[in-house]
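Have a look at the structure below before the remarks.
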Amino acid sequence: MNAAQRPPLAAVLIALAAAVWTIYDARQRRAPSYWYLIILLAPAGPLIYLVVVRWLGLTLAPGSAAQGPSALTGLAQADALERAEKYLPAERLYREILAETPESQPALHGLARCRMGAGAAREAVAILEGILTKDRTYGDYSAALDYADALWESGDRSDAIEVLERLSELSGRLNHRLALAHYLELSGQRERALSEIKAGMALSESWSPAEREQNQRWLDHAQQMLQELTPSD
27 MNAAQRPPLA AVLIALAAAV WTIYDARQRR APSYWYLIIL LAPAGPLIYL VVVRWLGLTL
87 APGSAAQGPS ALTGLAQADA LERAEKYLPA ERLYREILAE TPESQPALHG LARCRMGAGA
147 AREAVAILEG ILTKDRTYGD YSAALDYADA LWESGDRSDA IEVLERLSEL SGRLNHRLAL
207 AHYLELSGQR ERALSEIKAG MALSESWSPA EREQNQRWLD HAQQMLQELT PSD
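For the sequence shown, our numbering assigns the number 27 to the initial residue and increments by one for each residue that follows.
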C-alpha cells in the first residue's frame, strides 16, 4: 500500500479510540464474548456495537429485560448449578439476574429452590407464593410442587397437604397424587395415602398407549409405594 492509499492518521486514531471505548463499555455491561470479535474484526465493528447495544439495547447483561442471549445463558448456568446442588453460586447468579429484572419468574423460581436447598424453607415459601399468585400452573405445576415441599419443610404440614390435594384435583396427574400420598404417609395417614395411590393408578385404565408410556415411571413408582405401604400378612 503506497502513501496515497494509507488511511489518514487521524482516522486510524479515531478508529482505535472507538475500539478501546466500545471494548471498555462491553466489559462494563458484561456483554457476550462474541461482541469483542465483532468490535475488533468486523468492518465498522464499534459502530455496529454502538447501534445494537447502546442504542437499541438488544444485547444486555444477564437477566436484562430484553432476555437476550446473555440472559438465557445466565439462567442456564444458574439452573445447572442449582441442579448440581451448588446452591450458593447458583443463588448469586439468580440474584444478579433479579437485580436487572426483578420480575423474572425463572430466576425467582430458581432462587426459591436455592433457598430450600440452603435450609431456608420459609424464605422459599414467600418467593413461591409470589410466583403462584401470578400463575398457579407456573413451570407446568413445578412451582406448586416446590411450594408444597417448602411448606412441609417450614413446618406448615397441613397447608402442604392441602396444596397437594388441590393440585391433584386441578391437574388430575398421577405424580401429583403420589406426592400427596407421600406426605399423607409421613403425617401418619397411611390409609388415606393408600387410597390416593390406588386412585392414581386407576387413572391409567383410560390412558392411551402413548400416555401409558409417558407415565410409566410414575406407574412403577406408584406400585413401589403401594408395596411399601401395604401391610404384609
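Glycine included, C-beta positions come from ideal geometry on N, C-alpha and C.
- According to the DSSP assignment, Ser-168 belongs to the alpha helix (DSSP H) that extends over 168 to 179.
- Only residues of its own chain outside the window of five on either side were considered, and among them Leu-220 have a CB closer than 8 angstroms to the CB of Thr-256, listed in chain order.
- Of the residues assessed, Glu-129 falls on the exposed side of the cut-off, its CB having fewer than 16 other CB atoms within 10 angstroms.
- The three-state secondary structure of Gln-215, taken from DSSP, is coil.
- Within the same chain, Cβ atoms closer than 7 angstroms to the Cβ of Ala-207 are found at Ala-219, Glu-222, Ile-223, Met-251, the five residues on either side in sequence being excluded.
- Asp-172 and Trp-61 have their C-alpha atoms spaced approximately 38 angstroms apart.
- Secondary structure of Glu-254 (DSSP, three-state): helix.
- By the criterion of a C-beta distance shorter than 7 angstroms, Cys-140 is surrounded in its chain by Glu-108, Tyr-113, Ala-116, Glu-117, Tyr-120, once the five residues flanking it on both sides are discounted.
- Counting along the chain, the unbroken alpha helix (DSSP H) around Glu-117 starts and ends at 113 to 126.
- Here Gly-198 is exposed, its C-beta having fewer than 16 other C-beta atoms within 10 Å.
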